[in-house]
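*Asks:*
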Amino acid sequence: PAHLAEAEPVADVYIVQAGESLSSIAAKLGTSVDALLAQNSLINPNQLQIGQALQISGTASHTNAAAPVVAEVDIAPTVEHYYYVKYGDSLLGIANYFGVPTGLLLESNQLAEESALHVGDKLLIPDRSVHDVPGLGPLIWPITSNAVIRGYFYGHRAIDILMPIGSPVVAVADGVVESAGWHAYGYGNVIMIDHGDGTKTLYAHLNSVNVVAGQTVSQGELIGETGHTGNSTHPHLHFELYIAKQAVYPCLFLEGGCR
104 PAHLAEAEPV ADVYIVQAGE SLSSIAAKLG TSVDALLAQN SLINPNQLQI
154 GQALQISGTA SHTNAAAPVV AEVDIAPTVE HYYYVKYGDS LLGIANYFGV
204 PTGLLLESNQ LAEESALHVG DKLLIPDRSV HDVPGLGPLI WPITSNAVIR
254 GYFYGHRAID ILMPIGSPVV AVADGVVESA GWHAYGYGNV IMIDHGDGTK
304 TLYAHLNSVN VVAGQTVSQG ELIGETGHTG NSTHPHLHFE LYIAKQAVYP
354 CLFLEGGCR
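Using the numbering used here, the first residue of the sequence shown is number 104, and each one after it goes up by one.
(1) Is it buried or exposed, Thr205, if we count other Cβ atoms within 10 angstroms and call 16 or more buried?
(2) The alpha helix (DSSP H) spanning Ile128 covers which residue range?
(3) If I follow the unbroken beta strand (DSSP E) through Val136, where does it start and stop?
(4) Out of curiosity, what's the CA-to-CA distance linking Leu305 and Val236?
(5) Beta-carbon within less than 6 Å of Lys348's beta-carbon, same chain only, minus the 5 sequence neighbours each way: which residues are those?
(6) With a Cβ-Cβ cutoff of 7 Å, do Thr332 and His308 count as a contact?
(7) Should the stretch 214 to 234 be regarded as contacting the stretch 261 to 273, the criterion being three or more beta carbon pairs within less than 8 Å?
(8) Looking only at its chain, what residues have a beta carbon closer than 7 Å to the beta carbon of His221, apart from the 5 residues adjacent to it on each side?
(9) At which residue ranges does the stretch 263 to 323 contain complete beta strand (DSSP E) runs of 3 or more residues, listed in the order of the chain?
(10) Name the one or two DSSP bridge partners that His184 has.
(11) Going by beta carbon distance, what residues of the same chain come within less than 6 Å of Gly291, once the five residues before and after it are set aside?
(12) Which residues mark the beginning and the end of the beta strand (DSSP E) in which Thr329 is found?
(13) Could you have a look at Gly240 and say whether DSSP puts it in helix, strand or coil?
(14) For a test of the three-state rule: what should DSSP assign to Leu195, helix, strand or coil?
(15) Below 7 Å between beta carbons: does that hold for Val100 and Gly278?
(16) So for Leu207, helix, strand or coil by DSSP?
(17) Under the three-state reduction of DSSP, which class applies to Leu344: helix, strand or coil?
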């Protein structure tokens, strides 16, 4: 009587495409990163090369075993890729290497500023392109510098921008001043502008306030001057952005992003 041939593991080959990571390949092929690492004797999952051949486990029969097949899978490049922490890495070093603000790296991975890294930790490297605010387009910078000295992370949902006392602060978009004046809980002199549809901006630690509640302001209009008021350790602008009533990372919506 005829017997079914016993299946045995064989290795298909997958060719790495531009924009792919080991995690995206594993997801597309229904396997795991650990399996790919083991099958290909890879030590660093971040050192894939375009055109590199990866062994992919499968099963085949003794009676119809074929030569390894190159997988022809059309995968669009993804803006989400991952980095595995190596010995000696730091958050600042990783952020600088990938050209993303440290605050965005922290927020994307739900890390606090003081979080410790461990060898092998998997970090999501986020897309850093600038986005339009719905109904407003890109926002202009509230001051003349885009050098952020303290970024956005859990517990500090804002960016701090170092500027001398008395530097002009402008509205980042058209809107109506919701509140303006002294804040009793750390902001010092502060302005909140409502831009409509749940989008608001906040400007804190001001030296002077040049607008009043209810006033309509235009994008680029002078609203105050940078200062050192409230709970502040140095002259700077503390800037917050809310979209759909949720705090978001401002550098993703300000023209040119942060540096």
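Ideal Cβ positions, reconstructed from N, Cα and C, are used throughout, including at glycine.
*Replies:* Let me spell this out:
(1) buried
(2) 125 to 132
(3) Careful: Val136 lies outside any beta strand (DSSP E), inside the alpha helix (DSSP H) at 136 to 142.
(4) 15 Å
(5) Gly301
(6) yes
(7) no
(8) Val188
(9) 271 to 273, 278 to 286, 291 to 299, 302 to 312
(10) Ile228
(11) His308, Thr332, Gly333
(12) 325 to 329
(13) strand
(14) helix
(15) Lying before the first or after the last residue shown, residue 100 is absent from the chain, which here runs from 104 to 362.
(16) helix
(17) strand
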